[in-house]
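To keep things clear, I will list the structure first and then write my remarks on it.
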Amino acid sequence: MSTISTTTTLSTSLTGRRLPRWTPAATVVGAALLAVLLGTVFSIHSKLQWCLLGAIFFVLGQYLLAFSVEGRRQAKNGLITSLVWVAFLLALLPLVGLLYYTISQGIGVINVTFLTHSMNDISPNQTGGGLYHALIATLEQVGLAVAMAGPVGILTAVYLVEYGNGGLLAKWVTFFVDVMSGIPSIVAGLFILTFWIMILDMPYTGFAGSLALAILMMPIVVRSTEEMLKLVPNELREASLALGVPKWKTIVRIVLPTSIGGITTGLMLAVARIIGETAPILMLVFGTDLINNNPFSGPQSSLPLYVYQQYNAGTDASQARAWGAALVLIVLVMLLNLVARGIARWKAPKHRA
Amino acid sequence: MDLPDTDLPDEAPPRDNRAHDSGAQDGRAQDSAATEAPQSPTTTDLLADSHQANRGGTATSEPTKRGKRVVRPGDLIFAGASRGSGILLLVVMAAIATFLTIRSVNAISVDHGNFFTTSGFDIEDTPMVFGMSALVLGTVVSAVVAMVLAVPVSIGVALFISHLAPRRMAQALGYVVDLLAAVPSIVYGLWGALFLVPHMLGVNAWLNQYFAWTYVFKQDYAGDQPRSLFTVGVLLAIMILPIVTAVTREIFLQVPRAHEEAALALGATRWEVIRTAVLPFARSGIISASMLGLGRALGETMAVATVLSPSLVLSLHITDPGGSTIAQNIATQFGDALGSGRDALIASGLVLFIITLLVNGGARLIIARRKDYSGANA
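Protein chains in written order, with our numbering: chain H, 1 to 353; chain G, 1 to 378.
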């Protein structure tokens, strides 16, 4: 295609001149050597700068080599490929760093005492204590939120897909689900604070927190359920209706079971989203160091809130506890994600191409 | 049709009018054509039909030529419940807007500063003087820094996963990105405060040394702990990166295979395929993914509250410690605020709500416009 390269390599073959397959590896080695050399000569201490230098040399080297041998278009292709690799490594670095750091800091803290005790009578600079009260409160609050947002969300999605028919109400609901999914968590917290605590004069309880979590969860559930219901083939509905099955029974016995895998996955992912919400919890559940199993009366704690409080306490012992709780939180979220994926895979139609 | 349908309830299945609701428009037309075989369905027929469908079958058994309408309580209850949930959702949204607005109006009426231009947020003394300018500035600056850093990298990573990485590696990476997108923000906050802040010291000094002429990277307090808006921006970038990547990757995977193959068949290199087939198709998707990330960054509370050492000054030296965002300010001041002080915080929350609304609305508009002229569904 490019005239220059074809004229220079006219005789040999149909394909243009290509670099051997080992070139990228060789360039990596060359760039690394150059970076180390420059680093030691100019006495650059930061390893990060060495890496950056190496990356720059690698990209440049690849480009120049490809340009001289394969031509401009191939060189540009190589340049972009290298840049994408760099972007990928750049992104991976902090993310893996975050996971690694949390695990390495948190793993030493977690033991049976940590998981089964509260912070009762433990001052910030003492070691010991645990997150049992926070863990149990988080599970209760999230459970309540699911109990509220789950049915409402799923029914709303059913309305949008099965009954809405593109009507005015359906359009409004769709629009406001979008709006709702953009609500910052702290604003949801503020709303429950005004409505539930300031106007209805209710006390600070775990339930207040779960109300805010439910608001945050609802749009996610509606969205994912809606997508799943849309995937149910219309033939199934028609077949059921043709047999004289009432519409509601068609939905409950045919449509929902067909998409139950996807709906569960959506629910799990929504739970994973809200389980780490701190801001509304911070305003609504008040926080306590004691075990309170009743989310409807008295202040509760929560895992993310516990992390925040232990971090804010500022002592070594409390920050170690913060890392431990953060690790427990991450593990919970990951478990939820994996279970969701497992369900999705297990329930996925087997014959799909 | 000689026999009325009502006499043959078993042979002709009862024409449940709600059956049409699930079908598309043409499905409805076919349906009526099938049951009223000899007559071709006229427009009036269809209109009447849809009208009755909307009524939800209030008439019990009208012996019309269309057949018996059976009203089942189950249907009524279920339809009512699902419609009710939809309405409940609208009511909640309306309540949020109403209550926040009422409280905000209360707060602004006792504000002794200008709500928009005052930079301080003093809500503990009795004549309260507060305004949004410094908070909005901090919120926007940190979110913009996050976007500038995160979006190009996310696009790169998404391209890597969808088009460049070896297939097995790509699948594993997809999982990893999804998992990372679910890491709670408080964990990012903890990591940011205890790990990232000390490590940003060198970066800030370097920026100050070589890029002080840009004004934004100039440091008035060089060497201080970098609990600054810039650090917050970097942390937010790391935080929204998995989300933006996950959404963008989904879009890239939806690019029709035929488009890419067409480009390849014309002799395009991989980059040319991406530039001519993938990116144009995905442009609006990338924009909406970025907006989603921007919304997250604007409303993020805990990751900012742990990292920042808040101060309410109007300064664009983003690497200097200080600055404050709306969400973080609410979280920090909430504990001490009482009565109208809380109203003031609620007013700032309303401003945040409006900002995120505008951002999300913008994203929706872009997507909606895209739908109109996209021929990609084929």
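Even glycine gets a Cβ: it sits at the ideal position worked out from N, Cα and C.
All figures in this text were calculated on a predicted structure; none of them were measured in a lab.
| task | Please state whether DSSP places F115 (chain G) in a helix, a strand or coil. | result | Translated into the one-based positions of the second sequence, residue 115 (chain G) becomes position 115. F115 (chain G) falls in the coil class under three-state DSSP.
| field | Through-space distance from L60 (chain H) to L164 (chain G), alpha-carbon basis | value | On the second sequence, residue 164 (chain G) is found 164 positions in, with the first residue counted as 1. On the first sequence, residue 60 (chain H) is found 60 positions in, with the first residue counted as 1. The straight-line gap from Cα to Cα measures roughly 20 Å.
| Using a Cβ-Cβ distance under 8 Å, would S185 (chain H) count as near chain G? | As a first step, residue 185 (chain H) is located in the first sequence; it is residue number 185 there, counting from the start. For S185 (chain H), the answer is yes, since a Cβ of chain G falls inside 8 Å of its Cβ.
| query | Where does T301 (chain G) land, buried or exposed, given buried means 16+ other C-beta within 10 angstroms? | reply | Within the second sequence, numbered from 1, the residue matching residue 301 (chain G) stands at position 301. Answer is buried; the Cβ neighbour count reaches 16.
| said: Less than 8 Å between CB atoms is the rule here; does R167 (chain G) satisfy it with respect to chain H? | reply: For the purposes of this step, residue 167 (chain G) is taken as the residue at position 167 of the second sequence. It does not; no Cβ of chain H falls within 8 Å.
| field | Minimum C-alpha distance to L290 (chain H) - residue among H:S301, H:L65 and H:L256 | value | To locate residue 290 (chain H), count along the first sequence from 1; it is residue 290. The shortest C-alpha separation from L290 (chain H) is found at H:S301.
| task | Tell me, please, which residues DSSP counts as bridged to P280 (chain H). | result | Here residue 280 (chain H) is taken as the residue at index 280 of the first sequence, counted from 1. BP columns for P280 (chain H) are empty, so no partner.
| field | Straight-line Cα distance separating Y188 (chain G) from I107 (chain H) | value | Numbered from its first residue, the first sequence carries residue 107 (chain H) at position 107. Numbered from its first residue, the second sequence carries residue 188 (chain G) at position 188. Each residue's alpha carbon lies about 17 Å from the other.
| Whole-number beta carbon distance between A214 (chain H) and A145 (chain H), since they are thought to touch under 8 Å | Your numbering for residue 145 (chain H) matches position 145 in the first sequence. Your numbering for residue 214 (chain H) matches position 214 in the first sequence. Indeed they touch by this definition, with Cβ atoms about 4 Å apart.
| Between G299 (chain G) and N234 (chain H), what straight-line distance do the alpha-carbon atoms span, to the nearest angstrom? | By one-based count along the second sequence, residue 299 (chain G) stands at place 299. By one-based count along the first sequence, residue 234 (chain H) stands at place 234. Those two C-alpha atoms are separated by around 40 Å.
| task | Give me the Cβ distance between L345 (chain G) and I355 (chain G), rounded to the nearest whole Å; I'm assuming they're in contact under 8 Å. | result | Indexing the second sequence from 1 puts residue 345 (chain G) at position 345. Indexing the second sequence from 1 puts residue 355 (chain G) at position 355. Actually they do not touch by this definition, with Cβ atoms about 16 Å apart.
| request: Could you work out which residues of chain G lie near F191 (chain H), taking near to mean beta carbons separated by less than 8 Å? | output: What you label residue 191 (chain H) is simply residue 191 of the first sequence in a count that begins at 1. Near F191 (chain H) (Cβ distances below 8 Å), the residues of chain G are A95, I96, F99 and L100.
| alpha helix (DSSP H) runs wholly inside the stretch 222 to 289 of chain G, at least 4 long, in chain order | 229 to 254, 257 to 265 and 270 to 273
| query | Looking at H112 (chain G) and M128 (chain G), is the spacing between their C-beta atoms short of 8 Å? | reply | Counting from one through the second sequence, the residue named residue 128 (chain G) turns up at place 128. Counting from one through the second sequence, the residue named residue 112 (chain G) turns up at place 112. Yes, these two residues count as a Cβ contact at 8 Å.
| said: Against chain H, which members of the stretch 76 to 89 of chain G pass a CB distance test of less than 7 Å? | reply: F78, A79, A81, S82, R83, S85, G86, L88 and L89
| query | If you count every other CB in all the chains shown that lies within 10 Å of the CB of T126 (chain G), and 16 or more means buried, which is it? | reply | For the purposes of this step, residue 126 (chain G) is taken as residue 126 along the second sequence, with counting starting at 1. So T126 (chain G) ends up on the exposed side.
| request: Count the other CB atoms, across all protein chains shown, that sit within 10 Å of the CB of E124 (chain G); report buried if there are 16 or more and exposed otherwise. | output: Sequence index remark: in the second sequence, residue 124 (chain G) carries index 124 (1-based). Exposed.
| message | Given this structure, state the Cα-to-Cα distance separating L329 (chain H) from V176 (chain G), to the nearest angstrom. | response | Here residue 329 (chain H) refers to the residue found at position 329 of the first sequence. Here residue 176 (chain G) refers to the residue found at position 176 of the second sequence. The straight-line gap from Cα to Cα measures roughly 17 Å.
| request: Step through the CB atoms of chain G and report whether any lies within less than 8 Å of the CB of V179 (chain H). | output: For the purposes of this step, residue 179 (chain H) is taken as residue 179 along the first sequence, with counting starting at 1. Taking Cβ atoms only, chain G reaches closer than 8 Å to V179 (chain H), which makes this a yes.
| query | At which residues does the alpha helix (DSSP H) containing I110 (chain H) begin and terminate? | reply | Walking along the first sequence from the start, residue 110 (chain H) turns up at place 110. Premise fails: I110 (chain H) is in no alpha helix (DSSP H) and is neither H nor E.
| field | Nearest-angstrom Cβ-Cβ length linking V232 (chain G) and L308 (chain G), presumed shorter than 8 Å | value | For the purposes of this step, residue 232 (chain G) is identified with residue 232 of the second sequence, where counting begins at 1. For the purposes of this step, residue 308 (chain G) is identified with residue 308 of the second sequence, where counting begins at 1. Yes, V232 (chain G) and L308 (chain G) are in contact; Cβ-Cβ is about 6 Å, under 8 Å.
| said: Is M334 (chain H) close to chain G? Criterion is C-beta to C-beta, closer than 8 Å. | reply: As a first step, residue 334 (chain H) is located in the first sequence; it is residue number 334 there, counting from the start. For M334 (chain H), the answer is yes, since a Cβ of chain G falls inside 8 Å of its Cβ.
| field | In DSSP terms, what P321 (chain G) is bridged to | value | In the second sequence, counting from the first residue as 1, residue 321 (chain G) sits at position 321. Answer is G:S228, bridged to P321 (chain G).
| query | What are the start and end residues of the alpha helix (DSSP H) that includes G261 (chain H)? | reply | To locate residue 261 (chain H), count along the first sequence from 1; it is residue 261. Counting along the chain, the alpha helix (DSSP H) containing G261 (chain H) begins and ends at I260 to I275.
| request: Give every residue of the same chain whose Cβ lies closer than 6 Å to the Cβ of A381 (chain G), excluding the five residues on either side of it in the sequence, and list them in chain order. | output: This structure does not reach residue 381 (chain G), given that chain G is present from 1 up to 378, and the question cannot be answered.
| field | Candidates H:L53, H:I56, H:G182 and H:L99: closest to G361 (chain G) by CA position | value | By one-based count along the second sequence, residue 361 (chain G) stands at place 361. Selected option, being the one with the closest Cα: H:G182.
| request: Assess, as a yes-or-no matter, whether the stretch 215 to 230 of chain H is touched by the stretch 155 to 175 of chain H under the definition of 3 or more beta carbon pairs within less than 8 Å. | output: yes
| The alpha helix (DSSP H) with S240 (chain H) in it runs from where to where? | Position 240 of the first sequence, counting from 1, holds the residue named residue 240 (chain H). Note, S240 (chain H): alpha helix (DSSP H), N234 to A242.
| request: Put I197 (chain H) into one of helix, strand or coil per three-state DSSP. | output: Locating residue 197 (chain H) in the first sequence gives position 197, where the first residue counts as 1. In the structure shown, I197 (chain H) sits in a helix (DSSP, three-state: H, G or I).
| message | Between which residues of its own chain and I186 (chain H) is the CB-CB distance below 6 Å, once the five residues before and five after are set aside? | response | Translated into positions along the first sequence, residue 186 (chain H) becomes position 186. Hits under 6 Å: A279.
| Quick one: does N208 (chain G) have its CB under 8 Å from some CB of chain H? | Reading the second sequence from its first residue, position 208 is the one you call residue 208 (chain G). False, the Cβ-Cβ gap to chain H never drops below 8 Å.
| Taking Cβ to Cβ, would you say L53 (chain H) is nearer than 8 Å to A35 (chain H)? | One-based indexing of the first sequence puts residue 53 (chain H) at position 53. One-based indexing of the first sequence puts residue 35 (chain H) at position 35. Cβ atoms of L53 (chain H) and A35 (chain H): closer than 8 Å.
| field | Pairwise C-alpha distance: R342 (chain G) and D122 (chain G) | value | Here residue 122 (chain G) refers to the residue found at position 122 of the second sequence. Here residue 342 (chain G) refers to the residue found at position 342 of the second sequence. Distance between the alpha carbons of D122 (chain G) and R342 (chain G): 12 Å.
| message | Is there a Cβ of chain G sitting closer than 8 Å to that of I254 (chain H), yes or no? | response | By 1-based counting over the first sequence, the position of residue 254 (chain H) is 254. No, I254 (chain H) lies away from the interface with chain G (no Cβ there is under 8 Å from its Cβ).
| request: Can you pull the chain G residues whose beta carbon is under 8 Å from the beta carbon of P304 (chain H), in chain order? | output: For the purposes of this step, residue 304 (chain H) is taken as the residue at position 304 of the first sequence. Simply P184, I186 and M302.
| message | Strictly below 8 Å CB to CB, what residues from chain G border Q319 (chain H)? | response | Working through the first sequence from its first residue, we reach residue 319 (chain H) at position 319. Ordered by position in chain G, the residues that pass the 8 Å Cβ test against Q319 (chain H) are L194.
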